[in-house]
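Going letter by letter, the sequence shown gives residues 8 to 185 in my numbering.
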Amino acid sequence: MNRTEVKAKSKRAARASGARKKAVKKNRIGIARAKAKSITKPKSDKVVLLSGGNPQIAKAYGDAPVQAYIAAMPGWKSTVGRRIDALIVRTVPDVYKAVKWNSPLYGFEDKGWFLGIHVFARYIKLAFFRGASLRPPPPGESKQKAVRYLDIYEDDQLDEGQLAAWVKQASQLPGERM
Numbered sequence: 008m009n010r011t012e013v014k015a016k017s018k019r020a021a022r023a024s025g026a027r028k029k030a031v032k033k034n035r036i037g038i039a040r041a042k043a044k045s046i047t048k049p050k051s052d053k054v055v056l057l058s059g060g061n062p063q064i065a066k067a068y069g070d071a072p073v074q075a076y077i078a079a080m081p082g083w084k085s086t087v088g089r090r091i092d093a094l095i096v097r098t099v100p101d102v103y104k105a106v107k108w109n110s111p112l113y114g115f116e117d118k119g120w121f122l123g124i125h126v127f128a129r130y131i132k133l134a135f136f137r138g139a140s141l142r143p144p145p146p147g148e149s150k151q152k153a154v155r156y157l158d159i160y161e162d163d164q165l166d167e168g169q170l171a172a173w174v175k176q177a178s179q180l181p182g183e184r185m
């Protein structure tokens with residue numbers, strides 16, 4: 008094989024190799040796009056549960072999204088969620104509700120939010136945004152000085168009297184704007 012033939016063979020091999028690389032790259036992009044489409048399009052109307060079982064509900068205002076969130080809470084948490092929601096509505100009849108950041112919020116349209124709910128794997132967390140001002144303060148501390156938490160586990164006996172007192176006090180404090 009002379010020098011010219013070797014060069015020609017080398018060019019053909021390079022072109023074939025380049026074509027193979029392009030085909031592989033195109034196939035990888037196609038696979039990535041197909042995966043992205045399958046991730047973004049839910050296969051059913053079921054609510055997606057995020058880590059810890061927290062329902063993924065789109066940001067929305069009013070009772071309907073909060074009820075959708077509560078209905079999607081897994082297992083025992085849904086029953087407790089309904090009890091908490093009913094207690095809040097009984098205690099503060101004109102409460103304003105929303106779901107933001109995959110958490111139900113309770114407050115007043117002109118005053119801000121006083122309480123939020125979040126689901127974790129083993130418990131439900133109630134966040135009182137001005138909880139440090141409540142008497143007695145809820146037991147869970149926060150990195151934020153004003154915030155206090157109440158964690159509710161499956162076997163806990165919910166002290167509805169104390170919870171109603173905290174909800175009433177929290178609703179009378181300035182709300183958190185979010």
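All C-beta atoms, glycine included, are put in the ideal place defined by N, C-alpha and C.
All values reported here derive from a predicted model rather than from experimental measurement.
3 or more residues per run - each beta strand (DSSP E) lying fully within the stretch 109 to 139: DSSP runs (the beta strand (DSSP E)) wholly in the stretch 109 to 139: 110 to 115, 119 to 126, 130 to 135.
Determine the closest residue to Asp101 out of Met185, Lys175, Ser17, with distance taken between C-alpha atoms. On the sequence shown, residue 101 is found 94 positions in, with the first residue counted as 1. Out of Met185, Lys175, Ser17, Lys175 has the C-alpha closest to the C-alpha of Asp101.
Here's a check: name, in chain order, each residue in its chain whose Cβ is nearer than 8 Å to the Cβ of Ala171, leaving out the five neighbours to either side. In the sequence shown, counting from the first residue as 1, residue 171 sits at position 164. Only residues of its own chain outside the window of five on either side were considered, and among them Leu94, Arg97, Thr98 have a CB closer than 8 Å to the CB of Ala171, listed in chain order.
Simplified DSSP assignment, three categories, for Lys104: Here the question's residue 104 lines up with position 97 in the sequence shown. For Lys104, the secondary structure class from DSSP, reduced to helix, strand or coil, is strand.
For the alpha helix (DSSP H) holding Ile64, just list the boundary residues, first then last. Taking the first residue of the sequence shown as 1, we reach residue 64 at position 57. Per DSSP, Ile64 is not a residue of any alpha helix (DSSP H), being assigned neither H nor E.
Assuming Ala128 and Gly60 are in contact, meaning their beta carbons sit under 8 Å apart, how far apart are those beta carbons, in whole angstroms? The sequence position of residue 128 within the sequence shown is 121, counting from 1. The sequence position of residue 60 within the sequence shown is 53, counting from 1. Contact holds; Cβ gap of about 6 Å.
Cβ neighbours of Ile64 in the same chain (closer than 8 Å, five flanking residues each side left out): Here residue 64 refers to the residue found at position 57 when the sequence shown is read from its first residue. Cβ within range, chain order: Val54, Pro72, Ala75, Tyr76, Ala79, Val106, Asn109.
Within the same chain, show all residues whose beta-carbon is closer than 8 Å to that of Gly69, passing over the 5 residues directly before and after it, in chain order. Mapped onto the sequence shown, residue 69 falls at position 62. Closer than 8 Å at the Cβ level, and outside the excluded window around Gly69, lie Lys104, Ala105.
Of the listed residues Asp92, Leu157, Lys132, nearest to Gly114 (C-alpha basis): Your numbering for residue 114 matches position 107 in the sequence shown. The closest CA to that of Gly114, considering only Asp92, Leu157, Lys132, is found on Asp92.
Measure the C-alpha to C-alpha separation of Pro181 and Ile124 and round it to an integer number of angstroms. Along the sequence shown, one-based indexing puts residue 181 at 174. Along the sequence shown, one-based indexing puts residue 124 at 117. Looking at the two C-alpha atoms, the distance is approximately 18 Å.
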